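Visitor:
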Amino acid sequence: MGRYILLLGVFLSFCVQVFSADVHVRGYNFSSSDGNITIQKETAVNEFNQEVEKIVQIDQEGFFEVTLQISKPEFWSVEGASLFLVPGENLDITFDKGTHIYSFKGKTMDECTFLSANRNNIYVDLSFLDGGKNVRESFEETKKVIDAIGAEKLSALTQTAGLDENFVKIQINSIKAHWVNSYLNYYMFSKDYEQDGMGNEYKTGSGRKFIESIRELVEPVIKDVVADSYIDLFDIRWVVDRCMKDGLTSFPEKSIWVELYTVKSFLKKFQDGVSSELISEARERLATLTREDFALILKPAIEKVEILQSGKPAIDLRLEDVDGKEVNLSDYKGKLIYLDFWATWCGPCKKEYPFFIKLKEKYEDVIFISISTDRKRESWLKAMQRKEKTDVLQYHASRENTLSQLIEWNISLIPRFILIDKDFNIVDAFAPRPSDEGIEPLLNKLLN
Numbered sequence: 001m002g003r004y005i006l007l008l009g010v011f012l013s014f015c016v017q018v019f020s021a022d023v024h025v026r027g028y029n030f031s032s033s034d035g036n037i038t039i040q041k042e043t044a045v046n047e048f049n050q051e052v053e054k055i056v057q058i059d060q061e062g063f064f065e066v067t068l069q070i071s072k073p074e075f076w077s078v079e080g081a082s083l084f085l086v087p088g089e090n091l092d093i094t095f096d097k098g099t100h101i102y103s104f105k106g107k108t109m110d111e112c113t114f115l116s117a118n119r120n121n122i123y124v125d126l127s128f129l130d131g132g133k134n135v136r137e138s139f140e141e142t143k144k145v146i147d148a149i150g151a152e153k154l155s156a157l158t159q160t161a162g163l164d165e166n167f168v169k170i171q172i173n174s175i176k177a178h179w180v181n182s183y184l185n186y187y188m189f190s191k192d193y194e195q196d197g198m199g200n201e202y203k204t205g206s207g208r209k210f211i212e213s214i215r216e217l218v219e220p221v222i223k224d225v226v227a228d229s230y231i232d233l234f235d236i237r238w239v240v241d242r243c244m245k246d247g248l249t250s251f252p253e254k255s256i257w258v259e260l261y262t263v264k265s266f267l268k269k270f271q272d273g274v275s276s277e278l279i280s281e282a283r284e285r286l287a288t289l290t291r292e293d294f295a296l297i298l299k300p301a302i303e304k305v306e307i308l309q310s311g312k313p314a315i316d317l318r319l320e321d322v323d324g325k326e327v328n329l330s331d332y333k334g335k336l337i338y339l340d341f342w343a344t345w346c347g348p349c350k351k352e353y354p355f356f357i358k359l360k361e362k363y364e365d366v367i368f369i370s371i372s373t374d375r376k377r378e379s380w381l382k383a384m385q386r387k388e389k390t391d392v393l394q395y396h397a398s399r400e401n402t403l404s405q406l407i408e409w410n411i412s413l414i415p416r417f418i419l420i421d422k423d424f425n426i427v428d429a430f431a432p433r434p435s436d437e438g439i440e441p442l443l444n445k446l447l448n
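Here full-length UniProt numbering is used: the first residue of the sequence shown is 1, the next is one more, and so on.
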């Protein structure tokens, strides 16, 4: 039947069981290289790489069967097929290997068929621009094409008989989101385009001018799209996020969208540093979250950084030198320790290293340790052969010995620097970089 990979934890699946009904999905004529397929739920927690999915085994004839538990209509996907499922559903999916078309049989067969036949692609097609083929000489001319396509899609939706009323409402707003995205994408093809990445148009002069020129077009449309009930759809989240960055939308104070961006904001802050004030603020906001799955993201994130506050015991690491000899980080207790986490593929890490060496030459009473986080020890050893010999201690943090500890240290971005005091307590788990002018005053203060 398949095994759950509910990265949100067993609790999430348990808490819906009381109110949910089984949904049975059967697939025919499917294939994969490893004999498994993945069926995944469309949900806003995907923003945090916390997928709700099942991995299901396919038999030799390409058949699979899976049971899901859902409490309300939901969107799922399996091997490129978008699904609309309702509690108590029995849905059969057949893949035609000749035409590469999916056919459906069951209560929501019409909705699934509509999704399969009316796909819009955010990335490749750039929504209604068809990868640029629908761009004309001016925005005004391009807008006529976009509007015609949007109207055609709305007509196809509303004229399809028998579709679920809520499904139609959601799809109308999905079409609106792609409509807005198509307007925004025109800028990439204009003669005034200043490249700064999709969704960052407002950072450039010509980009700001373009955004202001279409503000009256976009704002009334996107206002409908930011309803809480649409937050779980990826395409809508993508366009709403883009509009937010470009200053084209905002959210009501008690919106679920505010909760989403609250969690995103704290997770980003936790990557840059930690303080008692930040943790206190995060806990206060955690208590206000109404979506349980968002709370299940933020709560462990807070607990994870709480142990990294100044004065907390440092987390020990088992490290290996170039000869394979193992040492514990705690072996250097009694000295001030400055750690450099890096990898051979990390350009910014390499730029910091000369500053790290200069600091070592200046501060003889500080232990300077450079720790490679390369997955392959061989990559690090090759780099060590080319590296100039210095008094900086060089170690490798192998996945076998240190993965759980690296996770505890919250080493998600490198370069990363950590300061540990003589008692092996944390001074700063997100210490200034060697090139930062604040590092020397901090070292001087700790040594005196």
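Beta carbons: idealized from backbone N, C-alpha and C, even for Gly. Note that the coordinates shown come from a computational prediction; the quantities given were computed from them, not determined experimentally.
1) Report all residues from its chain with a CB closer than 7 Å to the CB of Ile297; omit the five preceding and five following residues, and keep chain order.
2) Work out the CA separation of Asp246 and Asn200 for me, nearest whole Å.
3) Between the alpha carbons of Glu400 and Ser310, how many angstroms are there, rounded?
4) For residue 459, does the three-state DSSP call read helix, strand or coil?
5) Can you give the beta carbon distance from Ser372 to Trp345, rounded, assuming they're within the 8 Å contact cut?
6) Give me the Cβ distance between Ser182 and Phe234, rounded to the nearest whole Å; I'm assuming they're in contact under 8 Å.
7) Please give me, in chain order, every unbroken run of the beta strand (DSSP E) with length at least 3 that falls completely inside the region 355-412.
8) Between the alpha carbons of Arg26 and Ala151, how many angstroms are there, rounded?
9) Can you give me the C-alpha to C-alpha distance between Val258 and Gly334, rounded to a whole angstrom?
10) Around the Cβ of residue 450, are there at least 16 other Cβ atoms within 10 angstroms (buried) or fewer (exposed)?
11) For my contact list, Ile55 and Phe64 are in at a C-beta cut-off of 8 Å; report their separation, rounded to the angstrom.
12) If Asp340 sits next to Ser370, beta carbons under 8 Å apart, how far is it from one beta carbon to the other, in whole angstroms?
13) With 16 other CB atoms within 10 Å as the buried threshold, where does Lys312 fall?
14) Can you check whether the CB of Tyr338 is closer than 8 Å to the CB of Val366?
15) On the three-pair Cβ rule with 8 Å, is the region 203-223 touching the region 183-192?
16) For my contact list, Phe84 and Phe167 are in at a C-beta cut-off of 8 Å; report their separation, rounded to the angstrom.
17) Can you give me the C-alpha to C-alpha distance between Gly347 and Val392, rounded to a whole angstrom?
18) Would you kindly work out how many angstroms separate the C-alpha atoms of Asn29 and Ser82, rounded to a whole number?
19) My understanding is that residue 479 touches Ala21, with C-beta atoms under 8 Å, so please give their C-beta distance in whole angstroms.
20) Between Leu446 and Ala397, is the Cβ-Cβ spacing less than 8 Å?
21) Under a Cβ-count criterion, where at least 16 other Cβ atoms within 10 Å of its own Cβ denotes burial, should Lys360 be classed as buried or exposed?
22) What are the start and end residues of the beta strand (DSSP E) that includes Phe63?
23) Among Lys325, Ala161, Gly62 and Glu140, whose alpha-carbon lies nearest the alpha-carbon of Met109?
24) Give the straight-line distance between the Cα atoms of Phe251 and Val226, rounded to the nearest whole angstrom.
25) Can you have a look at Lys41 and say buried or exposed, based on whether 16 or more other CB atoms are within 10 angstroms of its CB?
26) Return the Cβ separation of Lys105 and Asp92 in integer angstroms, given the expectation that the two are a contact with Cβ distance under 8 Å.
27) Based on the DSSP secondary-structure assignment, which residues constitute the bridge partners of Pro313?
28) Taking the alpha carbon of Lys269 as the reference point, which residue from Phe430, Glu437, Thr38 and Ile37 has its own alpha carbon closest?
29) DSSP has His24 in a bridge; who is on the other side?
30) Could you check if Ile39 belongs to the surroundings of the ligand HEM, using beta carbon to heavy atom distance under 7 Å?
Guide: The relevant details are as follows:
1) Val45, Phe48, Gln50 and Val263
2) 7 Å
3) 28 Å
4) Since the first residue shown for the chain is 1 and the last is 448, residue 459 is missing from the structure and cannot be characterised.
5) Contact flag wrong, Cβ pair sits at about 11 Å.
6) Actually they do not touch by this definition, with Cβ atoms about 17 Å apart.
7) 366-372 and 393-396
8) 35 Å
9) 46 Å
10) Nothing about residue 450 can be read from this structure; the chain reaches only from 1 to 448.
11) The pair is not a contact, with the Cβ atoms about 10 Å apart (cut-off 8 Å).
12) 5 Å
13) exposed
14) yes
15) yes
16) 6 Å
17) 19 Å
18) 17 Å
19) Any answer about residue 479 is impossible in this case: the structure gives the chain only from 1 up to 448.
20) no
21) buried
22) Careful: Phe63 lies outside any beta strand (DSSP E) and carries neither H nor E.
23) Ala161
24) 7 Å
25) buried
26) 4 Å
27) Asn425
28) Phe430
29) Thr67 and Asn90
30) Here there are no bound small molecules, and the ligand HEM is not part of this structure.
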